[in-house]
Every structure is written in structure tokens, then in C-alpha cells.
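Asker: Pasting a structure below so you can have a look.
Protein chains: 2
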Amino acid sequence: MISQTTEYALRAVVYLAQHAEESWTTKQIAAATRVPAGYLSKVLQGLSRSGLITSQRGRHGGFQLTGDPEQLTILEVVNAVEPIRRINHCPLNLGSHGDELCPLHKQLDKTIELVEQQFASTPVSALLGTEDTVEPLCEFPASANVGKGRKVDLTVSKNEG
Amino acid sequence: MISQTTEYALRAVVYLAQHAEESWTTKQIAAATRVPAGYLSKVLQGLSRSGLITSQRGRHGGFQLTGDPEQLTILEVVNAVEPIRRINHCPLNLGSHGDELCPLHKQLDKTIELVEQQFASTPVSALLGTEDTVEPLCEFPASANVGKGRKVDLTVSKNEG
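Protein chains in written order, with this note's numbering: chain A, 1479 to 1639; chain B, 1479 to 1639.
Laid out in C-alpha cells, this is it:
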């Protein structure tokens, strides 16, 4: 239903939104999101190509979220890595159907539309932890002590890759 | 979004619902649904194991839909071949989250729930052709001339496998 790539992209974006004040390396994001670094690297490339995250080279380089999590929707993240494909014409290429969908594919497209609408109406900011919820991606070296006025203590060196 | 297995299972069930009066072989259903026979065979096994379709051996053997398309939901078909998995606990196994989901996974589960609800509320009968729509899976040897009082003319021999 929700693909692994989509979930990993959302984890990475949520992590960067939670720690927007700095740049983070693939290795650090991989540790915090529990995503294999090689897989994550491809996901980050997709997000970067779409301009949702910015990569900076050099000693303090890494990835940062480009925009405001209030303005960025789940749909934009999903479409950056694995675009939602609506059913616009008969998947069986039945000539007699022309541009019209049969009830089977009309119904499936309706479901995809529903998901698309929900993703489009939900900003990334709605995925972040609040005082009333548990925090996404906590318990990790690079995030455990960041934010909320606590001291930053990185087990994974920040300027490593 | 909608996996290939799910789509293939729905095509097969729609085909059997449209031609409920007889049994159909894997080869015939494969031709009508444009699904590779090997792949379809596994899909049909799943549907059969769940009791949604019945297989009969012998000269006039093949598959038939077990129940009434009015009573059978898309969700039952989907769950027979690729069960929808709700997110019930933290996919990262974060101990501190316990049974509570963070906002990221709560939101993703909400999307899965939405799809589950839509599938549960849609009967297979809603996927069949009506006078106002194009007909699913038409243009095929095994279905082109079946129903609506027209002569049955099967290019693929019905009792073949």
C-alpha cells in the first residue's frame, strides 16, 4: 500500500524537518531513520532532484530541508521519489475503450485519487512530534539529544561524509 | 499504489463474475485478462485458498466464482492475494513508542485505513459493465461473444487445461 521507498523518503524528510537548523550526512540520516545507507542515498537523490532538500558539499556539508514543513505536502515528497500514477487510460490497451475507463479501472482510479487527495492535504509539519505524541525517529544517536533545549551529543560524527 | 497482483486478482474475479455460468481454465482467464498464465496461476491459487473461487477438475473443469458479486467486496479479493497491512506498531521497533504510533505512522495508517474502507464498501458487482459503461475485459476470444444472448465462440478451447 505505502511502498518502502515512500516510507523511507517520508522518514528522511521528517528527520530533516525535525532538525532543520543544520545539514546532515546520508550516514547520519540513515542511522536516525534506520534505512540502509545505499537505499537512502537513492531516496535522497530523488528528493534533491525535486528540490525538496538541498545538498551542500564540504566540511559542514550534508542535506537540509529546502522549504517550510508547513508548506511541503506528503504528496510532494511521494511524487519526488515514486510518483503516484492515476489510471488515465485502459491498462489493457483495449482499443474499444478509447479514453473511457471501465468500471473496474474507474474504481481503482478513485481509490488512487482518494490517497492522492489525502497526501495533498497533509503537510509534513503534521507528521512531526508534538507534546501530545511520541516523537518520530527518536532513540537515535543523531537525534536523541537534539532540540527541546537539550545538548547535542552525536555518536555519529556530523562532518563525516 | 495498487499492486500488480491486486489488479490481476480483480481482473480475474471480474471476468469470472461476468461469466459466472461456466468454469474457465487458467489459460482462458489469462487470455481474457491479459495476465501471464504463470503469474495468474498463483493469483488464482490465492483466491481459491480463500474460498472466493472454486476449482473443479475434469473435462469441464476450471474456475468459477463461489459467491454472489453483490456480496463479495474488493477488500476480500485484495486480502486473499495480498492482505492490506495496517500499521499497528512502530515499524522502527522503537521501544519508547510502545503501542503508540508517532504522527508519521499514524498518518500513514490513516491513509491505509481509508483505502481499506473504500475497498470494504465496494462490491465486485460495482466493477462490472453496465449499459452506460464500457465493459471490462472485452475484446477477448473467451468473452467477446459471451452473454447478452450472443453466440459463444471460443477461440481458446474451453476444455483444454
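We put the beta carbon where it would ideally sit given N, CA and C, even for glycine.
Give a yes or no on whether the minimum CB-CB distance between L1582(B) and chain A is below 8 Å.
Answerer: yes
Asker: By the 10 Å Cβ neighbour count, where 16 or more other Cβ atoms means buried, how is K1629(A) classified, buried or exposed?
Answerer: The predicted position of K1629(A) is uncertain, since its pLDDT is 37 and thus under 50; no value can be drawn from it.
Asker: Three or more beta-carbon pairs under 8 Å between the stretch 1531-1548 of chain B and the stretch 1488-1502 of chain B, yes or no?
Answerer: Contact between the stretch 1531-1548 of chain B and the stretch 1488-1502 of chain B is established, with three or more Cβ pairs separated by less than 8 Å.
Asker: Grab me the residues of L1550(B)'s own chain with a C-beta within less than 6 Å of its C-beta, minus the 5 sequence neighbours each way, in chain order.
Answerer: So the list reads V1602, once near-sequence residues are dropped.
Asker: Which residues mark the beginning and the end of the beta strand (DSSP E) in which L1543(A) is found?
Answerer: 1540-1543
Asker: Cα-Cα, which of A1508(B), P1561(B), V1492(B) is closest to E1594(B)?
Answerer: P1561(B)
Asker: Report the rounded CA-to-CA distance for Y1493(A) versus L1488(B), giving the unit in angstroms.
Answerer: 38 Å
Asker: Quick one: is T1424(A) near chain B, going by C-beta distance under 8 Å?
Answerer: This structure does not reach residue 1424(A), given that chain A is present from 1479 up to 1639, and the question cannot be answered.
Asker: What first and last residue would you give for the beta strand (DSSP E) that runs through Q1534(A)?
Answerer: 1531-1534
Asker: For A1495(A) and A1604(B), what's the separation of their Cα atoms in angstroms?
Answerer: 43 Å
Asker: What number of angstroms, rounded off, separates the C-alpha of V1556(A) from the C-alpha of I1552(B)?
Answerer: 25 Å
Asker: For T1600(A), which residues in the same chain have their Cβ closer than 6 Å to its Cβ, ignoring the five residues on either side in sequence?
Answerer: I1552
Asker: Can you tell which of L1572(A), V1491(A), Q1585(A), G1607(A) has its C-alpha closest to the C-alpha of G1524(A)?
Answerer: V1491(A)
Asker: Indicate the three-state DSSP secondary structure (helix, strand or coil) for T1511(B) in the structure shown.
Answerer: helix
Asker: Could you tell me which of T1511(A), Q1482(A), Y1486(A), I1531(A) sits nearest to E1613(A), measuring between CA atoms?
Answerer: Comparing alpha-carbon positions, the option among T1511(A), Q1482(A), Y1486(A), I1531(A) lying closest to E1613(A) turns out to be T1511(A).
Asker: Does any residue of chain A bring its CB to less than 8 Å from the CB of Q1585(B)?
Answerer: yes
Asker: Please return the same chain residues whose Cβ sits closer than 8 Å to the Cβ of T1544(A), not counting the five positions on each side in sequence.
Answerer: Cβ neighbours of T1544(A) beyond the five flanking positions: G1529, L1530, I1531, T1532.
Asker: Interface residues of chain A around P1614(B) at Cβ under 7 Å?
Answerer: C1580, P1581, L1582
Asker: Closest by CA to P1514(B), which one among Q1596(B), K1584(B), E1485(B), P1569(B)?
Answerer: E1485(B)
Asker: Determine the DSSP secondary structure at P1581(A), reduced to helix, strand or coil.
Answerer: Under the three-state reduction of DSSP output, P1581(A) falls in the helix class.
Asker: Applying a beta-carbon distance threshold of less than 7 Å, which residues of chain A neighbour Q1596(B)?
Answerer: T1589, L1592
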